[in-house]
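Visitor: Numbering of the sequence shown is given in our numbering, commencing with residue 3 and proceeding in unit increments.
Even for Gly, the Cβ is constructed at its ideal location relative to N, Cα and C.
The structure follows.
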Amino acid sequence: VADGATTGSGYGVLGDYKTLNTYYSNGTYYLYDVTKPMSGVIETRTAQSRSVLPGNYSVDADNKFNAVSQGADVDANYYAGKVYDYYKNTFNRNSFDNNGATIRSTVHYSRNYNNAFWNGSQMVYGDGDGVTFIPLSGALDVVAHELTHAVTERTAGLDYVDQSGALNESISDTFGVFLDKGDYLVGEDVYTPNKSGDALRSLSNPPLYGQPDNMNNYVYTTSDNGGVHTNSGIPNKAAYLTMSSLGMSVAEKIYYRALTVYLNPQSNFSDARASLLAAAADLYGTGSTQYNAVASAWNQVGVQ
Ligand code: ASN
Ligand code: ZN
Ligand code: CA
Ligand code: CA
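Structure below.
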């Protein structure tokens, strides 16, 4: 049989069945999606519980990725494809670099690793310890969060420290919500498997998970690059207020234009307000209801 694109199947982290774009070569099937209109591919590898990147290709002998241990591999590739499709279909953005770059993920990173990250070249996912997290690629909003770090890096380039870093985090959470429509929570699908209803963060109610939702409560700290995962609650609340007031399809247009046209590496919260207002003015006009909703959202979190 010739090498080439095939269709396989598998089960995700949560046990959900899905069809997969796979690739056949030399008697082996790969989580390697060549079906997108990009020059690169969407591929997934496994670190096999070690910390060496990028690791070995995720493979299967019969194109049925149905072992429980393959759930992380399946979802990393499937959800990376969903995020690619979202940016392409919504903004005509072709991969994180807008030039069709390969989207690579490595799963089963380290042991009991309760995190995921973009390392400047690829996404990396732990399996979690089974108490705080299950394998983190099992959540579309987490995958969207990590891949959006790559988009931010290639566009606004927000420095990962202090207010610009908190904006960087907030942009990733916000696009996670745009992609995983239906809730304002981040990480709920993979967080604390023994406790339902909770999440890593909430955009509608940041204080529920220890984040400020107003400048009055901004946290000054030297840990976490100046509290980037804490102070992101302030722009996250502004994003929630914008989304709930204008709807997702208007809000995502404003956010994407601000990210790609107006924000820069040194942007602070006040600059984010101005960038979103400039984007809203371009799209809908100064003083439009959309423009005024952005201004109101940032007023409510204490950013002028
Ligand atoms: N999961 C974290 C994030 O994407 C990892 C990190 O701190 N960079 O923000
Ligand atoms: Zn992040
Ligand atoms: Ca969510
Ligand atoms: Ca939970």
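Hey, how far is the Cα of Gln124 from the Cα of Met245?
Guide: Going from the Cα of Gln124 to the Cα of Met245 covers about 29 Å.
Visitor: With C-beta atoms as the reference, is Val296 less than 8 Å away from Ile256?
Guide: Yes, the pair counts as a contact, with Cβ atoms nearer than the cut-off.
Visitor: Mapping the DSSP letters down to three states, classify Thr273 as helix, strand or coil.
Guide: Residue identity check: residue 273 is Asp in the sequence provided, not Thr. Three-state result, Asp273: helix.
Visitor: Exposed or buried, Gly140, counting other C-beta atoms within 10 Å across all chains shown (16 or more means buried)?
Guide: Gly140 comes out buried.
Visitor: If the criterion is Cβ atoms closer than 8 Å, does the pair Tyr264 and Ala283 meet it?
Guide: Not in contact: Tyr264 and Ala283 (Cβ atoms no closer than 8 Å).
Visitor: Less than 7 Å between the CB of His147 and some heavy atom of ligand 1, yes or no?
Guide: Yes - ligand 1 has a heavy atom lying nearer than 7 Å to the Cβ of His147.
Visitor: Note the first and the last residue of the continuous beta strand (DSSP E) segment covering Leu22.
Guide: That run of the beta strand (DSSP E) goes 19-27.
Visitor: What runs of the beta strand (DSSP E), each 3 residues or longer, lie entirely inside the stretch 34-101?
Guide: Correct list: 44-48.
Visitor: Any heavy atom of ligand 1 within a distance shorter than 7 Å of the CB on Asn233?
Guide: No - ligand 1 has no heavy atom lying nearer than 7 Å to the Cβ of Asn233.
Visitor: Leaving out five residues on either side along the sequence, give the residues of the same chain with a beta carbon under 8 Å from the beta carbon of Arg156.
Guide: The residues are Phe98, Asp99, Asn100.
Visitor: If you check the beta carbons only, do Gly130 and Ile136 fall under 8 Å apart?
Guide: The answer is yes: Cβ separation under 8 Å.
Visitor: Just checking Glu155 against ligand 2 - is the residue's beta carbon closer than 7 Å to any of the ligand's heavy atoms?
Guide: Not under cutoff, so the answer is no.
Visitor: Does DSSP put Val153 in a helix, in a strand, or in coil?
Guide: It is helical.
Visitor: Take Gln306 as the anchor and find which of Gly287, Ala240, Ala260 has the nearest alpha-carbon.
Guide: Closest by alpha carbon: Ala240.
Visitor: What does DSSP give as the partner residues of Val188 in its beta bridges?
Guide: According to DSSP, which records beta bridges pairwise, Val188 is partnered with Arg203.
Visitor: Looking only at C-alpha atoms, which of Gly122, Ala152, Val221, Asp64 sits nearest to Asn28?
Guide: Nearest of Gly122, Ala152, Val221, Asp64 to Asn28, Cα basis: Asp64.
Visitor: Measuring CB to CB, does Val36 end up less than 8 Å from Ala7?
Guide: Yes, the pair counts as a contact, with Cβ atoms nearer than the cut-off.
Visitor: Can you tell me whether Tyr32 is buried or exposed? The criterion is at least 16 other CB atoms within 10 Å of its CB, across all chains shown.
Guide: Result: buried.
Visitor: Please classify Asp5 as buried or exposed, where buried requires at least 16 neighbouring CB atoms within 10 angstroms.
Guide: With fewer than 16 other Cβ atoms within 10 Å, it is exposed.
Visitor: What do you get for Val1, buried or exposed, if any count of 16 or more other CB atoms within 10 angstroms of its CB means buried?
Guide: Nothing about residue 1 can be read from this structure; the chain reaches only from 3 to 306.
Visitor: Just tell me which of Gly167, Asp191, Ser225, Thr134 has its CA closest to the CA of Asn238.
Guide: Nearest of Gly167, Asp191, Ser225, Thr134 to Asn238, Cα basis: Gly167.
Visitor: Alpha carbon to alpha carbon, how far is Asn58 from Asn219?
Guide: Answer to the nearest angstrom: the Cα atoms are 45 Å apart.
Visitor: Hey, is Arg175 close to ligand 3, as in C-beta under 7 Å from one of its heavy atoms?
Guide: Inspection of the sequence shows that residue 175 is occupied by Asp rather than by Arg. Outside the cutoff, so no.
Visitor: Who does Ile105 pair with in a DSSP beta bridge?
Guide: Ile105 pairs with Ile44.
Visitor: Any heavy atom of ligand 2 closer than 7 Å to the CB of Glu171?
Guide: Yes, the Cβ of Glu171 comes within 7 Å of a heavy atom of ligand 2.
Visitor: Measuring CB to CB, does Leu169 end up less than 8 Å from Ala103?
Guide: Not a contact, by the Cβ cut-off of 8 Å.
Visitor: Taking C-alpha atoms, which residue in Gly73, Met40, Pro214 lies nearest to Arg47?
Guide: Here the closest residue by C-alpha is Gly73.
Visitor: Out of Leu138, Ala158, Lys183, Gly184, state which residue places its alpha-carbon closest to the alpha-carbon of Pro195.
Guide: Nearest C-alpha to Pro195: Leu138.
Visitor: So which of Tyr242, Tyr193, His231 has the shortest CA-CA distance to Gln302?
Guide: It is Tyr242.
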